[in-house]
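Data first, discussion second: the structure below is written as structure tokens.
Laid out in structure tokens, this is it:
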């Protein structure tokens, strides 16, 4: 079937609309994905990254039912870019076939999944961007440093352009005197900023500012005015992690039965307990990364470790390797508290230079991050477990 120079699988239905008519494509979800994956991720990238992308795109489509009234999805960036047959590629088709029917689930239901081009070094939470926290979409640093086309960017804008964009959206504060970041989230992204002008003062979110000025110009809300501060990638370099053990899919019952561990010599101090339990190999490598990025949850990890040591919970199927060094050395991750200290300096004058990192909303899977993980030997399941911890992969 074809329309407007494009060919599509399935059938086309023409419907009346307020603008004359609209065309809907009724298509099998696996055929739909064939027109999506190439548009969302380069088929030249590692196959494991493409597989992760397939599972997220499929999950998004399954969960989106009725998102556009009678239609489930649109064909643009609001949902997922869909090109029909013209967007197909044999490598992308292979990734679709090898993950056929697989989606990401949370508590048995299709998970809320998001992805973006480049986190700039650290992803943020769904609550920080749209409100409404989702347990598996929390701030965390990328496990490897990488360099994509928008990992670091800068742009100079005339204040008059920003003024016109504000006015065009009903915000008239006259000539701008200054733009000041007021609050950042855990990843460094701007949550709130203040714009002062000759006609008043307006506080808006970084997300709103980006949309007003244009996402093509302000590629993310992870930016500063006037100077560039050190950030995650610059501070730590590339983490010397070995590829993670392969994760079984739909085999949650596969565990390793081991003898109980004697807890009589376990220290009393919380951090020392974690180190001691780590040496007993009760945590997976991914759990160790979670421990480092979530110090407020130490007690939960200790409880899990003790339960495994006592035999009340099964031991990890393939636990991390134990050494006689500290927790940071055990995982290969420098002991960095992931709290970026970015500049809060204001912008003023006739023009402003914006120094930014990353591209997109920053929630869920970073595509450039997934690419790097795959190149380091991670499987699609490990990539998804890192960005969406606690979810499961299944039909």
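In this note's numbering, the protein residues as written are 12 to 406.
Think of the CB as a built atom: it goes at the ideal place given N, C-alpha and C, for glycine as much as any other residue.
Just list the residues that DSSP pairs residue 126 with in beta bridges. Counting from 1 along the chain shown, the entry for residue 126 is found at position 115. BP columns for residue 126 point to 376.
Please classify residue 284: is it buried, with 16 or more other beta-carbons within 10 angstroms of its beta-carbon, or exposed? Counting from 1 along the chain shown, the entry for residue 284 is found at position 273. In the assembly as shown, residue 284 is a buried residue. Its beta-carbon has 16 or more other beta-carbons within 10 Å.
Can you list, in chain order, the residues of its chain whose CB lies under 8 Å from that of residue 274, leaving out five sequence neighbours each side? Taking the chain shown and counting its residues from 1, the one referred to as residue 274 is at position 263. The residues are 317, 320, 321.
In terms of DSSP beta bridges, what is residue 370 paired with? Taking the chain shown and counting its residues from 1, the one referred to as residue 370 is at position 359. According to DSSP, residue 370 bridges with 129.
State buried or exposed for residue 382, treating a residue as buried only when at least 16 other CB atoms are found within 10 Å of its CB. Residue mapping note: residue 382 aligns to position 371 of the chain shown, counting from 1. It counts as buried.
Span of the beta strand (DSSP E) around residue 8: For residue 8 there is no data in the structure shown, the boundaries of the chain being 12 and 406.
Would you kindly check if the distance between the Cβ of residue 228 and the Cβ of residue 168 is under 9 Å? As a working note, residue 168 is residue 157 in the chain shown. As a working note, residue 228 is residue 217 in the chain shown. It is a contact, given that the beta carbons lie within the stated cut-off.
Run the CB neighbour count on residue 352, radius 10 Å, all protein chains shown included, and call it buried at 16 or more, exposed below. Taking the first residue of the chain shown as position 1, residue 352 is located at position 341. Answer is exposed; the Cβ neighbour count stays below 16.
Taking the beta carbon of residue 112 as the centre, do at least 16 other beta carbons fall within 10 Å, making it buried, or is it exposed? As a first step, residue 112 is located in the chain shown; it is residue number 101 there, counting from the start. Exposed, since its Cβ has fewer than 16 Cβ neighbours within 10 Å.
Starting from the Cα of residue 359, find the closest Cα among 308, 17, 192 and give me that residue. Locating residue 359 in the chain shown gives position 348, where the first residue counts as 1. Nearest Cα to residue 359 within the set 308, 17, 192: 192.
Contact under 9 Å by Cβ, residue 313 with residue 291: Position 302 of the chain shown, counted from the start, is the residue given in the question as residue 313. Position 280 of the chain shown, counted from the start, is the residue given in the question as residue 291. Cβ distance not < 9 Å, so residue 313 and residue 291 don't count as in contact.
Going by Cα to Cα distance, which pick from 366, 103, 63 is closest to residue 237? As a position in the chain shown, residue 237 is number 226, starting the count at 1. Of the listed residues, the one whose Cα sits closest to residue 237 is 366.
Cutting at 6 Å between CB atoms, please list the residues of its own chain near residue 180, excluding the five before and the five after it. In the chain shown, counting from the first residue as 1, residue 180 sits at position 169. So the qualifying residues of the chain are 223.
With the cut-off set at 9 Å, would you say residue 379 and residue 159 are in Cβ contact? Position 368 of the chain shown, counted from the first residue, corresponds to residue 379. Position 148 of the chain shown, counted from the first residue, corresponds to residue 159. Taking the C-beta atoms as reference points, residue 159 is found nearer than 9 Å to residue 379.
Closest by C-alpha distance to residue 104, when choosing among 315, 299, 126, 41: In the chain shown, counting from the first residue as 1, residue 104 sits at position 93. Residue 104 has its Cα closest to that of 41, out of 315, 299, 126, 41.
Any contact between the segment 119 to 128 and the segment 136 to 152? By contact I mean 3 or more CB pairs, one from each, below 8 Å. yes
Assigned exposure category for residue 323 - 16 Cβ within 10 Å defines buried: Translated into positions along the chain shown, residue 323 becomes position 312. Residue 323 comes out exposed.
Please report the Cβ distance between residue 132 and residue 368, rounded to the nearest whole angstrom; I am assuming they are in contact, meaning their Cβ atoms lie under 8 Å. The count along the chain shown starts at 1 and reaches residue 132 at position 121. The count along the chain shown starts at 1 and reaches residue 368 at position 357. With 8 Å as the limit, residue 132 and residue 368 qualify as a contact, their Cβ atoms being about 6 Å apart.
Endpoints, the beta strand (DSSP E) within which residue 211 is located: Locating residue 211 in the chain shown gives position 200, where the first residue counts as 1. Where residue 211 is concerned, the enclosing beta strand (DSSP E) stretches over 211 to 215.
Run through the segment 165 to 234 for me and flag every whole beta strand (DSSP E) of 3 or more residues, listed as ranges in chain order. 187 to 195, 201 to 208, 211 to 215
Figure out for me which residue from 391, 164, 30 has the closest Cα to the Cα of residue 110. As a first step, residue 110 is located in the chain shown; it is residue number 99 there, counting from the start. Checked all of 391, 164, 30; the closest Cα to residue 110 is 391.
Do you know how far the Cα of residue 200 is from the Cα of residue 194? Residue numbering aside, residue 194 sits at position 183 when the chain shown is read from its first letter. Residue numbering aside, residue 200 sits at position 189 when the chain shown is read from its first letter. Near 8 Å, if we compare the C-alpha coordinates of residue 200 and residue 194.
Exposure of residue 154, with buried meaning 16 or more beta-carbon neighbours within 10 Å: Working through the chain shown from its first residue, we reach residue 154 at position 143. By the neighbour-count rule (16 or more Cβ atoms within 10 Å), residue 154 is buried.
With C-beta atoms as the reference, is residue 61 less than 9 Å away from residue 102? If you number the chain shown from 1, residue 61 lands on position 50. If you number the chain shown from 1, residue 102 lands on position 91. Taking 9 Å as the Cβ cut-off, residue 61 and residue 102 qualify as a contacting pair.
CB-CB under 7 Å to residue 5, same chain, minus the five flanking residues each way: which ones, in chain order? Any question about residue 5 goes unanswered here, given that the chain covers just 12 to 406.
Which of helix, strand or coil DSSP assigns to residue 95: As a first step, residue 95 must be located in the chain shown, where it is residue number 84. DSSP places residue 95 in helix when its eight states are reduced to three.
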